[in-house]
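Residues are numbered in our numbering as their position in the sequence shown, beginning at 1, plus a constant of 16.
Ideal placement from N, C-alpha and C gives every residue a C-beta, glycine not left out.
The structure appears below as structure tokens.
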Amino acid sequence: MEEKMKETILTFLKKETILCVSGILAAASACIIPPDGQYPGYLDAKVLVLLFCLMAVMAAVQQLGVFDRFASHLLARAHQQRQLAMTLIMLCFFSAMFVTNDVALITFVPFTIMLLERANLREKMIPYIVMQTIAANLGSMLTPVGNPQNLYLYTISGMEIHDFFAATTPYVLFSYFLLFLFCLAQGSKPLAPPKPTAEKPYDTKEKAYLLVLSVLFFLCILAVFRIIPYQAILLVILLWFLLVQRGILKRVDYCLLLTFVFFFVLIGNLGRIPAIRNALQSLMLGREVLVSFLSCQFISNVPATVLLSEFTNRYDLLLTGVNIGGLGTLIASMASLISYKYFAQVPGAKKGRYLAYFTLMNVLFAAILLGLCAFLAYC
């Protein structure tokens, strides 16, 4: 029994390392600044509510197999390796803009592994999965709902939507160009025609669910863009998933939400320690992109965003830094770990080769985008 409990704890620690570290840091900061009446003010309820609502809706859509069906229809039209690469990689790039990078990779990486094994293209597994991961991380930077750090910064900064897109669009367009070049380089070798698969049509109940979920997602977007109160969408979401699709709430990533809470506590307490606050503000001044990029390499982009947002008002530069910061090490973006875990489960997976290729391509893309950032700043 003890051994089983130890194994469970170790598995949890490995899976939720960032959560555990953030909890320890929050507890340590609470020893310096004991809990008082200011603690509730640390939490940003709007960020937590919107993140919860979006995760719940996306979990429900994913359960209905919408993304799998869409991918299957597109792949049926791929006749060359170049087209296959374009479809698999761009699916992650564009879908991540709306369903988050995590959901895009959870949906399409297992699908890619299965497809490449059936097509006897195992040698393409590492480059395609790595590029899918890069594509999801870069595509998700475009919109406020593409990833948690975008949602957080857009919510707390109060920036207008056109300012947000002005900060993200150049990098997304250039990223698309780089990914497009990679896909072109895959050549025109023909593919074996895919085996036909029987696809069960949606029944009336599932169609009704899809309609409702589409409306809920639209309402979430309105709340993100501050058109309707976030409290209203929370009430609607809870009513739907408590009364109709009850099992969905179990699939929400509550560990991510709790990680946000811990970091809210940490940065709230750090902000009340003058020496630390002044040091971080001095460090960030004029170096927002570089400091945020480097921070992501060690603590990942979501915690880095929450931590550093307290010490700068240049949210546009912070947004650029943490989004490019998703490239680099395996932990720079937690979404990258999703792809790696799926690949590691493949029999005979060459993990060392995967990590080497992953690091090489991430460093290459990061260097190019940081160079673009420096060029735009100079202009």
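Quick one: what does DSSP say residue i is sitting in, helix, strand or coil?
i	result
Gln99	helix
Pro206	strand
Val82	helix
Phe241	coil
Thr345	coil
Gly302	coil
Ile49	coil
Thr116	coil
Gly57	helix
Asn136	coil
Gln247	helix
Glu32	coil
Pro363	coil
Val379	helix
Cys395	coil
Val268	coil
Ala372	helix
Val260	coil
Ala92	coil
I need the straight-line Cα distance from residue i to residue j, nearest angstrom please.
i	j	result
Val146	Met350	14 Å
Tyr168	Val322	8 Å
Gly155	Leu200	19 Å
Leu272	Val231	25 Å
Ile347	Leu35	13 Å
Pro319	Leu386	20 Å
Gly81	Phe127	12 Å
Asp219	Leu197	41 Å
Leu255	Cys69	12 Å
Met71	Asn166	14 Å
Tyr192	Thr345	21 Å
Ala383	Pro51	42 Å
Val305	Arg134	43 Å
His95	Asp118	28 Å
Leu100	Leu189	21 Å
Leu392	Asn329	19 Å
Val338	Ser308	6 Å
Ala239	Thr123	25 Å
Phe278	Ser298	24 Å
Phe280	Ser204	50 Å
Thr33	Pro206	43 Å
Asp269	Phe180	26 Å
Gly284	Lys266	30 Å
Ala182	Leu324	21 Å
Tyr187	Cys389	8 Å
Leu371	Leu132	19 Å
Phe257	Leu274	20 Å
Thr103	Thr375	23 Å
Leu107	Asn136	21 Å
Thr159	Tyr55	30 Å
Phe86	His178	30 Å
Ser45	Ile292	12 Å
Arg242	Lys140	43 Å
If contacts are defined as beta-carbon pairs under 8 Å, then residue i and residue j qualify, I think. What distance do you get, rounded to the angstrom?
i	j	result
Val161	Phe114	7 Å
Ile25	Arg369	The Cβ separation is near 31 Å, so there is no contact.
Thr184	Met157	5 Å
Leu235	Val260	About 15 Å separates the two Cβ atoms, so there is no contact after all.
Glu326	Gly263	Contact doesn't hold; Cβ gap of about 37 Å is too wide.
Ala120	Ala152	5 Å
Phe381	Leu343	5 Å
Ile150	Met377	6 Å
Val125	Gln97	The pair is not a contact, with the Cβ atoms about 18 Å apart (cut-off 8 Å).
Met67	Pro164	The displayed chain sequence assigns Leu, not Met, to residue 67. Confirmed, about 6 Å.
Touching by the beta-carbon criterion (3+ pairs, under 8 Å), the segment 301-319 and the segment 59-76: no
Spell out a yes or no on whether the segment 365-379 and the segment 329-336 are touching, meaning 3 or more CB-CB pairs, one atom from each, closer than 8 Å. no
In chain order, which alpha helix (DSSP H) runs of at least 4 residues are fully inside the segment 144-217? 164-173 and 177-200
Give, in chain order, every unbroken run of the alpha helix (DSSP H) that is at least 4 residues long and sits entirely within the segment 273-345. 290-300, 304-315, 317-324 and 331-340
Can you find at least 3 beta carbon pairs, one from the segment 353-361 and one from the segment 165-182, that sit closer than 8 Å? no
For the segment 36-47 and the segment 214-229, state whether three or more C-beta atom pairs, one from each stretch, are separated by less than 8 Å. no
When the Cβ atoms of the segment 53-67 are set against those of the segment 239-255, are three or more pairs found closer than 8 Å? yes
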